[in-house]
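Visitor: Mapping of the sequence shown onto our numbering: residues 4 to 188, in sequence order.
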Amino acid sequence: MGRYSVKRYKTKRMTRQLDQIFDDLSTPESIQKLKNQEEDETLPGMGQYYCVQCAKYFFDNTSLKGHIRGKVHKRRVKELKVKPYTPEEADFAAGVNVEKYLDRVNKYKNEEEQRRLMEAELLKNQTEEYELRDRQKWEQMYPEKAVEEAQKKLEQESLEKKRALKKAQKYELEPLTDDEIQIDP
4 MGRYSVKRYK TKRMTRQLDQ IFDDLSTPES IQKLKNQEED ETLPGMGQYY
54 CVQCAKYFFD NTSLKGHIRG KVHKRRVKEL KVKPYTPEEA DFAAGVNVEK
104 YLDRVNKYKN EEEQRRLMEA ELLKNQTEEY ELRDRQKWEQ MYPEKAVEEA
154 QKKLEQESLE KKRALKKAQK YELEPLTDDE IQIDP
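1) Would you be able to state if there are at least three C-beta pairs under 8 Å between the region 118–133 and the region 23–40?
2) Does the pairing of the region 43–52 with the region 62–79 give three or more beta-carbon distances under 8 Å?
3) Any contact between the region 75–85 and the region 144–153? By contact I mean 3 or more CB pairs, one from each, below 8 Å.
4) Quick one: using the 10 Å Cβ neighbour count with 16 as the cut-off for buried, is Gln23 buried or exposed?
5) If you count every other CB in all the chains shown that lies within 10 Å of the CB of Tyr111, and 16 or more means buried, which is it?
6) Which full runs of the beta strand (DSSP E) of 3+ residues lie inside the region 42–67, going along the chain?
7) Can you tell which of Gly48, Lys86, Glu163 has its C-alpha closest to the C-alpha of Asp27?
8) Would you call Gln154 buried or exposed, if buried means 16 or more other Cβ atoms sit within 10 Å of its Cβ?
9) For Met17, name the three-state secondary structure that DSSP assigns.
10) How long is the line joining the alpha carbons of Lys156 and Glu132, rounded to whole angstroms?
Structure (structure tokens):
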């Protein structure tokens, strides 16, 4: 196996096919299952940061966010908006099982809008959910640090309120007395 065999078959970075990912996105249960996987030491980021549309694992939430903003992810999302090619379509083109194919097309048209809305709803806040999960794990591991952080936050908020009050008092206009008013002749 030389370097040309890898180039020829392009299997080095092979991911799941579009029809498999389309099936993953078809039900809310499968999406939730992929988003909330158990920790696995063999996967990047222990399998906790997963892009469902691209079927890729990431090391941390920051790299996942960068991927979601990237061209590769946007291209994959665009490709997933179209229903993948199936053997039924090939049979239809050959004139076999026409009624079965037409029934399938009508069913797809009826369910497609609902499926897209469900997919968008479940995946729109994916990185925020990962951040919340990471924060909860951190608080469980280090409860004393979480308490200290909460106290510091409260102290900062009280200082900001005091500064705002001082600033408001400083710029509060006081009425001028007759001695302070000077009339220019």
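We put the beta carbon where it would ideally sit given N, CA and C, even for glycine. The structure displayed is predicted, hence computed values, not measured ones.
Guide: The answer reads as follows:
1) yes
2) Contact between the region 43–52 and the region 62–79 is established, with three or more Cβ pairs separated by less than 8 Å.
3) Contact fails: fewer than three Cβ-Cβ distances are below 8 Å.
4) exposed
5) exposed
6) Unbroken beta strand (DSSP E) stretches of 3 residues or longer found wholly inside the region 42–67: 52–54, 59–61, given in chain order.
7) Lys86
8) exposed
9) coil
10) Distance between the alpha carbons of Lys156 and Glu132 is about 22 Å.
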